[in-house]
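Peer 1: Read in order, the letters of the sequence shown are residues 7 to 479 in this note's numbering.
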Amino acid sequence: MARTIIVSNRLPTKVRRTDDGLAFAPSEGGLATGLGSVYQQGDNLWVGWPGTFLDDEAEQAHVTQQLAHDHMYPVFLTEDEIRDFYEGFSNETLWPTFHYFPQYARYEPHLWAAYQAVNRKFCDAVLAVAGPDDTIWVHDYQLLLLPQLLREALPTSTVGFFLHIPFPSYELMRVLPWNRELLKGMLGADLIGFHTYSYMRHFLSAVSRVLGYSNQNGLVEAGQRTVLVDSVPMGIDYDKYASAAASDEARRIEQEYRQAIGEQVQVVLSIDRLDYTKGIAERLRAFELLLQQNPTLHEQVALLMLVVPSRDQVEQYKQLKEEIDELVGRINAAYRTITWTPIQYFYRSFPPEELAALYRLADVALVTPMRDGMNLVAKEFIASKGEGRGVLILSERAGAARELADALIINPTDTAEVAATLHRALAMPPDEQQQYLASMQAIVRRYDVHNWVEVFMNRLAYIKIKQQVLATD
Ligand code: GDG
7 MARTIIVSNR LPTKVRRTDD GLAFAPSEGG LATGLGSVYQ QGDNLWVGWP
57 GTFLDDEAEQ AHVTQQLAHD HMYPVFLTED EIRDFYEGFS NETLWPTFHY
107 FPQYARYEPH LWAAYQAVNR KFCDAVLAVA GPDDTIWVHD YQLLLLPQLL
157 REALPTSTVG FFLHIPFPSY ELMRVLPWNR ELLKGMLGAD LIGFHTYSYM
207 RHFLSAVSRV LGYSNQNGLV EAGQRTVLVD SVPMGIDYDK YASAAASDEA
257 RRIEQEYRQA IGEQVQVVLS IDRLDYTKGI AERLRAFELL LQQNPTLHEQ
307 VALLMLVVPS RDQVEQYKQL KEEIDELVGR INAAYRTITW TPIQYFYRSF
357 PPEELAALYR LADVALVTPM RDGMNLVAKE FIASKGEGRG VLILSERAGA
407 ARELADALII NPTDTAEVAA TLHRALAMPP DEQQQYLASM QAIVRRYDVH
457 NWVEVFMNRL AYIKIKQQVL ATD
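Next up, the structure:
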């Protein structure tokens with residue numbers, strides 16, 4: 007019986023070391039929810055790293071056994087691999103290059119060697135559990151070489167690949183010393199999916215310029231094989247977010263927060279992982295400009311800013327954290343009053359029910375990344391609003407801006423434009439807010455995460471049939 011095997015750097019469960027031994031906690035990411043309906047069925051499986059360094063063989067055996075109950079198969083990474091493959095080549099070479107921050111990127115052969123070795127390690131793990139007829143769905147930038155490694159080992163297998171971050175213009179790809187190998191690695195897949203049409207076009211252009219492979223309608227002639235490249239934007243679990251926000255618990259927390267903040271104060275919400283791609287510092291400057299230009303808004307508006315700790319061992323992230331701390335301190339010190347704090351800043355993660363309450367509470371969501379593959383926060387805000395009101399301000403450089411064209415779309419580098427758009431959002435009449443919201447809700451509801459999985463799998467089945475037809479022509 008053919009199975010589906012999901013492969014990603016992280017498993018949907020995180021193992022943590024506690025005083026009482028190892029603890030297993032589900033990950034709340036969109037991918038885990040979306041693919042839950044796939045890997046938990048039949049004999050399907052999810053292969054990935056459990057998120058913690060474990061070198062003791064007895065512990066590894068225990069984790070393997072526990073995860074097997076939940077259809078997961080772990081790949082254990084050594085401390086060197088975590089440093090050079092994960093924090094190194096993945097997060098300090100590919101992440102900045104693909105998000106148009108090449109000045110932050112390290113191009114170092116020993117990181118590349120680690121990346122190749124760990125992709126081979128993932129390949130061995132998949133081969134330990136997969137058969138030639140299985141469908142293998144590989145995810146994201148940590149595993150760009152894996153599709154080709156799988157193709158060599160299992161030539162007839164069905165391999166899909168999805169990239170969750172932007173695929174950059176050829177001008178960025180040409181900077182990357184190992185661009186040929188990376189593109190060839192991806193082309194081992196039968197289907198390569200991106201969030202947007204422009205990422206897909208950038209990929210096709212890089213493939214043509216670097217490898218000389220032509221394409222027609224997204225079908226790439228890669229040597230003896232035909233590979234389909236397509237745009238398949240990822241959705242969220244709409245019903246989950248809508249019902250969490252409508253729950254009694256979310257309403258109760260919202261009321262509590264509302265009372266604390268003040269009935270007359272409009273709330274602007276900002277939620278991201280700590281990352282230079284998310285435009286957090288630029289967003290703060292825009293909020294500062296808003297306060298500077300509009301004294302009448304003082305004591306009438308508050309920015310609620312959640313920054314989820316992430317990669318804070320990396321130098322650029324440490325610096326960004328300091329910059330944010332300083333900006334928040336400076337703006338609050340300049341404008342706060344005894345009864346009003348302009349920026350409520352949290353550097354930690356919140357439980358899902360509080361997140362649902364914050365989405366309810368917010369009058370405006372300010373989503374202004376410099377670059378973002380998709381940005382699920384924008385979609386979650388829309389889904390959480392129900393029949394209520396709310397305005398989404400969205401960066402033109404988030405993948406989500408393609409689908410959410412009824413948001414107030416801004417250029418995140420243009421501080422004056424962001425400040426002016428915030429002003430407009432805070433003054434938008436309720437019926438106009440509802441009209442925009444309803445049209446975006448229809449899109450986010452229809453193209454939800456279940457639809458995304460279905461479309462991806464259908465496209466994968468289509469290219470397998472197309473390959474057979476082409477082979478008999
Ligand atoms: C990558 C791409 C692409 C945030 N704070 C808390 C919390 N969150 C959740 C949000 C959302 C998720 O984290 C963040 O997703 P994003 O899409 O915004 O960003 P990345 O993590 O950078 O994800 C991105 C995505 O992959 C999918 O393809 O959209 O472009 O960079 O779901 O709700 N969750 C909880 N507490 C928090 O404090 N529980």
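Using N, Cα and C, we set each Cβ at its ideal position, and we do this for glycine too.
1. Which same chain residues, not among the five before or five after residue 91, have their C-beta less than 6 Å away from its C-beta?
2. To the nearest angstrom, how far is it from the Cα of residue 39 to the Cα of residue 265?
3. Assess contact between the stretch 285–297 and the stretch 418–432, defined as three or more Cβ pairs (one per stretch) separated by less than 8 Å. Is contact present?
4. Distance, Cα to Cα, residue 146 vs residue 301?
5. Is any non-hydrogen atom of ligand 1 found closer than 8 Å to the C-beta of residue 429, if you look at the structure I gave you?
6. Could you check where the alpha helix (DSSP H) with residue 435 kicks off and where it finishes?
7. For the stretch 342–415, list the beta strand (DSSP E) runs that are entirely contained and at least 3 residues long, ordered along the chain.
8. Could you tell me whether the stretch 360–375 touches the stretch 241–252, where touching means 3 or more Cβ pairs closer than 8 Å?
9. Between the Cα of residue 60 and the Cα atoms of 50, 72, 82, which residue gives the shortest distance?
10. Residues in the same chain with beta-carbon distance under 8 Å from residue 462, minus the five sequence neighbours each way, listed in chain order, please.
11. Answer with buried or exposed for residue 99, where buried requires no fewer than 16 other C-beta atoms within 10 angstroms of its C-beta.
12. Kindly indicate the opening and closing residues of the alpha helix (DSSP H) around residue 68.
13. Using the Cβ count rule (16 or more neighbours within 10 Å means buried), how would you classify residue 417?
14. Is DSSP giving residue 240 helix, strand or coil here?
15. What are the residues that DSSP puts in a beta bridge with residue 84?
16. Count the other CB atoms within 10 Å of the CB of residue 24; is the residue buried (16 or more) or exposed (fewer)?
17. Can you list, in chain order, the residues of its chain with a C-beta nearer than 6 Å to that of residue 10? Leave out the 5 residues immediately preceding and following it.
18. What does DSSP give as the partner residue(s) for residue 231 in the beta ladder?
19. Given this structure, state the Cα-to-Cα distance separating residue 349 from residue 78, to the nearest angstrom.
20. Using the Cβ count rule (16 or more neighbours within 10 Å means buried), how would you classify residue 419?
21. Measuring CB to CB, does residue 280 end up less than 9 Å from residue 318?
22. Spatial neighbours of residue 440 within its chain, please: CB distance less than 7 Å, with the 5 preceding and 5 following residues excluded, ordered by chain position.
23. I believe residue 411 touches residue 398 by the beta-carbon criterion, under 8 Å. Please report the beta-carbon distance rounded to the nearest angstrom.
24. Let me know the secondary structure DSSP gives residue 107 once reduced to three states.
25. I need the straight-line Cα distance from residue 381 to residue 406, nearest angstrom please.
26. Which partner residues of residue 198 appear in the DSSP bridge assignment?
27. What I want to know is whether the C-beta of residue 211 ends up closer than 8 Å to one or more non-hydrogen atoms of ligand 1.
28. What residue does the beta strand (DSSP E) around residue 116 start on, and which one ends it?
Peer 2: Let's see:
1. For the purposes of this step, residue 91 is taken as the residue at position 85 of the sequence shown. These residues qualify, in order along the chain: 120, 121, 124.
2. Looking up residue 39 in the sequence shown gives position 33. Looking up residue 265 in the sequence shown gives position 259. Their backbone Cα atoms lie some 33 Å apart in a straight line.
3. yes
4. On the sequence shown, position 140 is the one that residue 146 refers to. On the sequence shown, position 295 is the one that residue 301 refers to. In a straight line, the C-alpha of residue 146 is about 45 Å away from that of residue 301.
5. By one-based count along the sequence shown, residue 429 stands at place 423. Answer for residue 429: no, Cβ out of range of ligand 1.
6. Locating residue 435 in the sequence shown gives position 429, counting from the first residue. Taken as a continuous stretch (DSSP letters only), residue 435 belongs to no alpha helix (DSSP H), as it is neither H nor E.
7. 349–353, 370–373, 397–401
8. yes
9. Position 54 of the sequence shown, counted from the start, is the residue given in the question as residue 60. Ranking the options by Cα distance to residue 60, first place goes to 82.
10. On the sequence shown, position 456 is the one that residue 462 refers to. Here the set comprises 143, 166, 168, 197, 199, 238.
11. By 1-based counting over the sequence shown, the position of residue 99 is 93. Classification of residue 99: buried, given that the 10 Å Cβ count is 16 or more.
12. Position 62 of the sequence shown, counting from 1, holds the residue named residue 68. That run of the alpha helix (DSSP H) goes 63–75.
13. Counting from one through the sequence shown, the residue named residue 417 turns up at place 411. When all chains shown are included, residue 417 counts as exposed.
14. To locate residue 240, count along the sequence shown from 1; it is residue 234. Of the three classes helix, strand and coil, the one that applies to residue 240 here is coil, per DSSP.
15. Numbered from its first residue, the sequence shown carries residue 84 at position 78. Residue 84 is not bridged to any residue.
16. Here residue 24 is taken as the residue at index 18 of the sequence shown, counted from 1. Classification of residue 24: exposed, given that the 10 Å Cβ count is below 16.
17. As a working note, residue 10 is residue 4 in the sequence shown. Once the five neighbours on either side are set aside, the close Cβ partners of residue 10 are 44, 50, 141.
18. Residue mapping note: residue 231 aligns to position 225 of the sequence shown, counting from 1. According to DSSP, which records beta bridges pairwise, residue 231 is partnered with 228.
19. Working through the sequence shown from its first residue, we reach residue 349 at position 343. Working through the sequence shown from its first residue, we reach residue 78 at position 72. Answer to the nearest angstrom: the Cα atoms are 42 Å apart.
20. Locating residue 419 in the sequence shown gives position 413, where the first residue counts as 1. By the 10 Å Cβ count, residue 419 comes out exposed.
21. For the purposes of this step, residue 280 is taken as the residue at position 274 of the sequence shown. For the purposes of this step, residue 318 is taken as the residue at position 312 of the sequence shown. Yes. Within cutoff.
22. The count along the sequence shown starts at 1 and reaches residue 440 at position 434. Result list for residue 440: 395, in chain order.
23. As a working mapping, residue 411 is identified with position 405 in the sequence shown. As a working mapping, residue 398 is identified with position 392 in the sequence shown. At roughly 11 Å, the Cβ-Cβ gap does not stay under 8 Å, so residue 411 and residue 398 are not in contact.
24. By one-based count along the sequence shown, residue 107 stands at place 101. Coil at residue 107, not helix or strand.
25. Residue 381 sits at position 375 when you count from the first residue of the sequence shown. Residue 406 sits at position 400 when you count from the first residue of the sequence shown. One C-alpha to the other measures close to 6 Å.
26. Along the sequence shown, one-based indexing puts residue 198 at 192. Residue 198 is bridged to 167, 235.
27. Within the sequence shown, residue 211 is the residue found at index 205, counting from 1. Answer for residue 211: no, Cβ out of range of ligand 1.
28. As a first step, residue 116 must be located in the sequence shown, where it is residue number 110. No beta strand (DSSP E) contains residue 116, which is instead part of the alpha helix (DSSP H) from 115–135.
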